[in-house]
Each structure stands twice: as C-alpha cells, then as structure tokens.
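Step one of this worksheet: look at the structure below.
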Amino acid sequence: MKPLFSLLFWLLLASVGSAQNLYLNQTGDVGIGTRNPLSPLHVKTPGENAMRVEGVNPYVLFRDVNDPTPTDISRSYGYIRTWTSNPFNPAGHYGLEIGVPPTGNNQFPKHLIFATNYATRMTILNNGNVGIGTSSPAYKLDVAGDVRITGNNRVEGFTNIVGTTLFEGSAFDGIVGIRGSAVNALVNIINTADESTGAAISVRSQDNYGTIRATNTRPSFYAGPAILAKTIYGRYSGHFQGGRILVEGGSDASRSGGIEFANLESFRVPNPQAYVGMRDDNELGIYGFPLGDWLLRLNVNSGSICSRSAIALCSDQRLKRDFQPLTGSLTKLTGIQGQHYFWKEAKMPGLQTGFVAQEVQPIFPELVRTDDNGFLSVDYTGFVPHLVEAVKTLKAKDDELVETLRRENEVLQAQLDAVLKRITALETQLSANQLAEAGKK
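Taken in order, the sequence shown gives residues -19 to -1, 1 to 422; the numbers are from mature numbering (1 follows the signal peptide of the UniProt record, and there is no 0).
Below you can see the structure in the form of structure tokens.
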C-alpha cells in the first residue's frame, strides 16, 4: 500500500506545474527545491531566496520529541521569534528574539549557548549572567581572557554600592581616571610605556590629600595636604642606581621622612600605630605611637643598634625539633681568643670588642654566616648556650673538687683528733707521774 501511495503522491506532485519543487520520499522526508532531502525538512534554493514565516509575533519552537507534555511551552528548549506586536515592552520595541523559555517542572536549568568550531564561546545562563570563554559565569558579564576596548569614547557607569566609577576624558586632554567615592575604594593603574617616552600617571584626591605621580624620571607619592606632604621619590637607575626609593620629609619640619602604619580601620590616619623613618640625620628607627617613643634605632654612621627594651628571640619548644645537648663547650670556648680591634672603615673609628669570624668558624661553624660576597659574620647570641654549658662544667668540677677536699678534710680531722687524744693522754700520764715523784720527796 505504501509504495502505491508514494507513487500516487509523486504523480500528484508531477502534475503541479512544471517546476516540481516539492518532494516527499519513502522515509517521509520532505524536500523543497531538492529531490534528495537529507533531513525531515530540507529546503534548497538558488541565489538569495529566503524561507518566510509570517504571523503575529511568529516563532519557531524547539522541543524534545520524547517530552510527555507537548502542550507545555515552558518545557521547550529554545525558540526564535519576531515581535511584530509586543504587549510586554513599550511601544516600538520590536525585533528578533532568540532565547529559551523559563525552566519547567523537573527540568535542568536551560541556557542560551553560542558556539564555533564545536566549542562553546558564549553562554547566557537562565539568571541572565553572560559568560565569554566560560560556561558558568558568576557575574552579569564574566570574561575568561583578555578584553580590549578601543576608541576615544567614555566608558562609564561601572558604579557599585561603594560608588566607584571608571571613565575616560576627552581625546584632547588625554586623561584617564578612576574615581572612587567610597572610603575604602582601591585603584590599580599600570603604565607600560618606557621611561624615555615621558609618559606619566597621576592619581590624586580632589583636595590633594593623596597624590601619586609617575614621570619619565621618578614617581612621587604625597601623603597629606600638599603643604605638609611627606614625599617618596623613586628614581630610575639613571638617577639613583638600583631603582631605590628615597623617602624625604616635607616642609613640616616637626616630622622626618618615613612611613606610618595602621592595621585596623579604627587606627587609620590621623591615629596610626607605628612609624618607620629617620629619627634624625643619623638614625633610622621604629616609633611606637601608643608608647610615644622610639622602640628601635639604627645608627647609619656606626651600625650600632639601640633598643628601648630587650630583644627576645623565638624559642618555643613547639617550633623546634631534633634536640641534641651541647658537649665540650668549655673546651671549645677556650679555643677562641677575644680581641680588641678597630674597623678599617674610617667612618667607624671607635674601639671594638669581639671575635674574628675566621677563628670562630672551625670551632663553632653553626655561628658563622657567609654573605654573597664571601664576607663572614658571627652570631654572638649563639655563644650564650655554650657559656651556660661551660659554667655548668666549671661548677661540676668545682663541686667535685669541694667534695674531694671535704673528704680529705674529714680524714685529716680524724687524724688530728687521734693525735690530740694521744697528746691529752700523755699529758695526763705526765701529770700523774709528776705528782707521784713529788709525793716521794
């Protein structure tokens, strides 16, 4: 019956004009403009002809053929539609829409996916998040990769709850700015231009309480009002070898150049907790604001260090392992010679007391360090445990000597007591003899 129906159908098509543009094969595939349809509906047309769909808000719906609820539109997986009469948007908002309907019951979330070369390039989640280079965007726009924006137009409106706005100035002033109205707003700016180009970066608050400026010679950082600014000048190698940063005091002579630190929000300027900087022309130090005094000072001329209190070294047992008692400390200490000496550096003329590292190294190698230039230094603190053990050794020898002397003294005392006893006996006998002789007379 089916071959007969197919034959009749083809005869019917053959009788409809001479073009014969509609075909139905034995498997039920329909071809328009082709005799060999390769899919259930195969349209082939020469030139720029189009397939036309007309209607009021017409759309093409894509569904799963095995879906048990064919009338539930929300269970479809996507659609293409045109808005010719839009009841949901303001008048005049018409056009083409490509999308997915809301997620129906017992369905996974549906996303709009754009792919090339069989690879996903852009994904729009059902919550509206757009991902480029990622299939799981966590933000309204989530890009995995580099983004390039060209042109002279402004880019603005990047305002969040703390009020940070990104914008670009006009093409004539060449200004690029990032403005933050929040107290804790953070700004990062990088200029990759070479120093010889003269390119510059300038970041400042509106009242000039904080300014960062980078030119082709040095960056400058100003903290505080311009009149009382403490300035950091970073100079490139042509001006200051090594690219060092120079910290100088401002016009306010009451404070030397340095950096103030505050850890908690409640201790922000003008209530910092600590200050690192020059105490005067000769000393670099750490100043504690709660104590109101310098805690540590390093004399840049002599190298001497002065601490307001004792310096404690970390020594908790929980931080250590592989303990081995010291041995032979007294013998080792007698193998090194303490010295008075002077440094060869003329700027350090004072008499010094210490050891020669080359003499210490063979005996206490763990107390000698070698720097990158081959110069040796000595950990004088490391001698303390050896001194303690040496004192204990001397005490043990002293205790042994005392015990020996005590025992010898006991023997001598016993001998002395015996001698005294004999002397007493002799004296008694002598006295008795003398009395007897006297009685005879």
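Glycine residues also receive a C-beta, built at the ideal position from the N, C-alpha and C atoms. What you are looking at is a predicted structure, and each value in this text was computed from that prediction instead of being measured.
In the DSSP annotation of this structure, the continuous segment of the beta strand (DSSP E) that includes D274 starts and ends at D274 to N280. L401 and D380 have their alpha carbons spaced roughly 31 Å apart.
For F364, no beta strand (DSSP E) run applies; the uninterrupted alpha helix (DSSP H) run containing it begins and ends at F364 to K421, by DSSP. The three-state secondary structure of Y361, taken from DSSP, is helix. Only exposed fits Y361, as fewer than 16 other CB atoms lie within 10 angstroms of its CB. Excluding residues up to 5 positions away in sequence, G239, I240 and I267 lie with their Cβ nearer than 6 Å to the Cβ of V257 in the same chain. At a Cβ-Cβ threshold of 8 Å, P346 and L307 do not count as neighbours. A Cβ-Cβ contact shorter than 8 Å links I317 with I344. Taking C-beta atoms under 8 Å as the contact rule, K121 and N107 fail to qualify, at a distance of about 14 Å. Three or more pairs of CB atoms, one per stretch, sit closer than 8 Å, so the region 27 to 44 contacts the region 56 to 68.
With contacts defined as CB atoms closer than 8 Å, T101 and I94 qualify as a contacting pair. DSSP places E326 in the coil class of the three-state scheme, outside both helix and strand. Judged by DSSP in its simplified three-state form, T50 adopts coil rather than helix or strand. Excluding sequence positions up to five before and after D123, its CB lies within less than 6 Å of the CB of G112 and T115, all in the same chain and listed in chain order. In the displayed model, L294 falls within coil according to three-state DSSP, outside both helix and strand. About 6 Å separates the beta carbons of V81 and Y58, which is inside the 8 Å limit, making them a contact pair. By the criterion of a C-beta distance shorter than 8 Å, S290 is surrounded in its chain by L276, once the five residues flanking it on both sides are discounted.
Taking Q320 as the centre and dropping the five residues before and after it, the same chain places the C-beta of T334, G335, F336 and V337 closer than 8 Å to its C-beta, in chain order.
Taking the Cα positions, L77 is about 31 Å away from G9. In the three-state DSSP reduction, S310 falls in the helix class (H, G or I). Contact between F323 and L348 is absent: CB atoms are separated by about 23 Å, not below the 8 Å threshold. Counted as a single uninterrupted DSSP element, the beta strand (DSSP E) harbouring V24 occupies residues L22 to V24.
Its chain contains G12 and T15 as the residues whose beta carbon lies nearer than 6 Å to that of H23, once the 5 sequence neighbours on both sides are disregarded; these appear in chain order.
A96 sits exposed, since fewer than 16 C-beta atoms from the chains shown fall within 10 Å of its C-beta.
Straight across, the Cα-Cα distance linking T104 with A293 is about 59 Å. With 16 or more other Cβ atoms inside 10 Å of its own Cβ, E264 counts as buried.
Taking a C-beta distance under 8 Å as the contact criterion, G331 and S296 do not qualify as a contact pair. Of the candidates P271, N280 and E35, N280 places its Cα closest to the Cα of M259. By DSSP's assignment, R62 forms a beta bridge with Y40 and E78.
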